[in-house]
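Notes follow once the structure below has been shown.
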Amino acid sequence: MAKNAIQKIAMNAAENIPYDKLVLSQKNVRRIKDGMSIEQLAEDIGRRKLIQSLNVRPVLDGEGEETGTFEVPAGGRRYLALGILIKQKRLAKNEPIPCVVNRRQETSAEEDSLAENLRRADLHPLDQFRAFKTLSDQGLDPDEIGARFFVSPATVKQRLRLASVSPKLLELYEKDEIRLEQIMALSISDDHARQEQVWERISGSHTQEPYYIRRLLTETTVGADDRRAVYIGAEAYEAAGGVILRDLFEQDSGGWFQDAALLEQLVFDRMKVDAEAIRAEGWKWVEAAISFPYGHTSGMRRIYAEAQELSAEEIERYDALKAEYDKLDADYAAAEDADEAIEAKLDQLGAELDAIDDRPQSYDPAQKAIAGVFVTLAANGRLQVEAGFVRSEDEPRSETDDVGEREEGDAEGETQSNGDDDGDGVVVNGKPVGESSGDDGEDEGIKPLPDRLVFDLTAQRTLAMRNALAGDVDIAFVAALHAFVLQVFYRFAPDTCLEISLKSGSFSQVDGLAETSWAKEIAERHEAWDRELPDEAEGLWDFLLGLDEASRKALFAHCVSLTLNAVVEPWNRRPRALEHADVLANSLKFDMVDAGWTPTVEFLGRLTKARILQAVREARGADSAQLIDHMKKDIMAREAARLLEGSNWLPEPLRLDVDEVANDAGDAVAVAGETPDEAAHDSDAAELPAFLAEDADLSSDEPVTDGDETDHLQAAE
């Protein structure tokens, strides 16, 4: 039996039809503008000519005969773009246009128009990336590529960056095993091996978000907003051979300096030059470092520069400016409407007054000769110079200081008591002792009193003065304050008869302590007092007597505050002292939450996972802790910090009374009729991001323990 012959498909013929014989069909289904504009399409056709034919149908007369005109139901945008070129006289109006002519009309014009648009598949992004890369390899720069395809040069650079990702990872992207935003994050680094390493690390975890990929790729780099990077600058770093990683898809604040070692070497080299320039100004020493530990100036006396004296003309000008400023400010305050001209004038006058107030200051060359300078980097990357510190060994020594340093045992032997020794260098009651022949005769002068008698008499005077001092509270306060200030501000100054010692721990081993708000406030207060106090210790007593009561108390409180030490040290157990710290905190109504302490990501990162979960459980309840118990530690710390925000949670060492706090919290919850966990959960207004909340129920079957974190991670993954 013969098989039926398969009817062969006959294609519509292609013809070149003059443009003026074509008309736009009203049966084109495209009505809304989308994608490239007609003007851009015209420019593209003008550059590369028409690369896709028009689909046309002959226009028939009433008898069904062709009229010689053809309508365009598919390809209307190309038809209009050709019309723009004709209007620009870049194309003849009768130019033959490649067309596919549908004379059979087996389908409707609307169907052909719809099919042309729907059957057209968009280019896969990866194909676009690779195509741009090919054009770049052919010698076109991003500006030229962007001009030809009507995209910005920045977009072209983004596409080229994506095409440079590891081919292995691009294959996964082609298979939809990696999302586009993940490829964008991976493109930060040019190192294919590092890209693949990071993907391998996160591909089996719950956290695969772009921000986490960026963090892993930049964990050994230095941000461009880091003070070291700002100090050196991107241009100098790159000139030295450094590479800056840039994120072309997210705001990166200048990128990341990849070679941290090179950057630090550049910082040290430049700081050395800056330090030598400062040293040339006449200072005895200069110490330079990126940062110094808290308390690095402990044990040093500070001297301050003196502003240049104003001339009579400058004083007169300052007074005139101040009077004009005050009058204008008072008038402006009374005015009902704002006036930009007056505001500008006030700003101008204020700037002139500031310029006079901030006139250059200078140090005495003799002071520079014994003092030094600390040079470091401020948080904004600028050089920070702290000048005028005098070390104890550089302090000028008087003759009385040298005598005071002698051992007490030698003093007794040097005191002439039997006529056999001379009394050279011996000082009694502030006066040198002359020679004596050892004879008791009146004609040979009055001999010094025996040491024992002097001791007895001065002991009586001491007790009498103690009794008198106890009866005068104000002078006793000044005397104690005098002793404290000598020790705090005048190092190694023995100018007090009160045997009061004052110790102040520096805690220099704690990283970042100098950057806390408390350290900055203490330093500002200390410097303010240091500037007010007299330069020499001899004038301190009269200065303190001249202070008003409020100022004396403020200075006393400052000195006493520097002696407080509530640090728990494993080698120095002080239970009674630490109990007293709690008593003192109660009296001060002090609380670390009110002082501004919050559980930061850095703090939580120093805890074990079990401790992090315990903190969240205490503050927000068991349900909140369960939301993050499956996470890697660094992500857990970040999310825990967010959950703990505003919770007033404190770790045990910062709590005033752990048991009392816990009992009070439990009682309050019990009154409400809830368990502590329920109450904490109900009060939790914070929620995890959607991508984390979706996995909240994927917790580990194994409990988290301090000693077996690896097992928990494996179970969670």
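When you line the sequence shown up against this note's numbering, it's residues 33 to 749, in that order. Ideal Cβ placement from N, Cα and C applies to all residues, glycine included.
In chain order, N597 place their CB closer than 6 Å to the CB of G537, counting only its own chain and leaving out the 5 sequence neighbours on each side. P50 is a Cβ neighbour of N126, given a cutoff of 8 Å. Secondary structure note for E103: its beta strand (DSSP E) is the uninterrupted segment E98 to A106. The beta-carbon distance between L676 and V648, rounded to whole angstroms, is 7 Å. This is short enough to meet the 8 Å contact definition.
The beta carbons of T253 and Q290 sit closer together than 8 Å. If you look at N87, you'll find it in the beta strand (DSSP E) that goes L86 to L92. With contacts defined as CB atoms closer than 8 Å, P90 and K59 fail to qualify as a contacting pair.
With a cutoff of 8 Å on beta-carbon distance, R110 and L82 are scored as near each other. Around the C-beta of P631, 16 or more other C-beta atoms lie within 10 Å, and the residue is accordingly described as buried. E553 carries a helical assignment under DSSP once its states are collapsed to helix, strand and coil. In this chain, N149 is not harboured by any beta strand (DSSP E); it is covered by the alpha helix (DSSP H) spanning A141 to L150. Three or more Cβ pairs closer than 8 Å define a contact, and the segment 360 to 376 falls short of that threshold against the segment 388 to 407.
Sorting A256, D279 and R311 by C-alpha distance to the C-alpha of L295 places A256 at the top.
Counting C-beta atoms within 10 angstroms of its own C-beta, I245 has 16 or more neighbours from the protein chains shown and is therefore classed as buried. When the beta-carbon positions are compared, D386 and K316 stay at least 8 Å from each other. With contacts defined as CB atoms closer than 8 Å, N48 and P130 qualify as a contacting pair.
In the assembly as shown, Y522 is a buried residue. Its beta-carbon has 16 or more other beta-carbons within 10 Å. Counting C-beta atoms within 10 angstroms of its own C-beta, Y243 has fewer than 16 neighbours from the protein chains shown and is therefore classed as exposed. Bridge partners of L415 according to DSSP: L409. Going by beta carbons, T239 and K641 fall outside the 8 Å limit.
For N48, the three-state secondary structure derived from DSSP is strand.
Contact annotation, W681 with A651: C-beta distance approximately 4 Å; criterion of less than 8 Å satisfied.
Taking a 10 Å sphere around the C-beta of A410, we find fewer than 16 other C-beta atoms and assign the residue as exposed. Its chain contains no residue whose beta carbon lies nearer than 6 Å to that of E138 once the 5 sequence neighbours on both sides are disregarded. Burial check for R211: the Cβ neighbour count within 10 Å stays below 16, so the residue is exposed. Residues of the same chain with a CB within less than 8 Å of the CB of L192, apart from the 5 flanking positions on each side, are F161, F164, K165, S168 and P174 in chain order. By the Cβ-count criterion, S533 is exposed, with fewer than 16 other Cβ atoms from all chains shown falling within 10 Å of its own Cβ.
In this structure, DSSP gives S583 a helical state, which the three-state scheme calls helix. Annotation for V55: the continuous beta strand (DSSP E) segment containing it runs L54 to L56.
Here the C-alpha atom of E601 lies approximately 15 Å from the C-alpha atom of E684. Under a 10 Å Cβ-count criterion, C591 is classified as buried, with 16 or more other Cβ atoms of the shown protein chains found around its own Cβ. In this structure the segment 561 to 581 does not touch the segment 541 to 550; the number of beta carbon pairs closer than 8 Å is below three.
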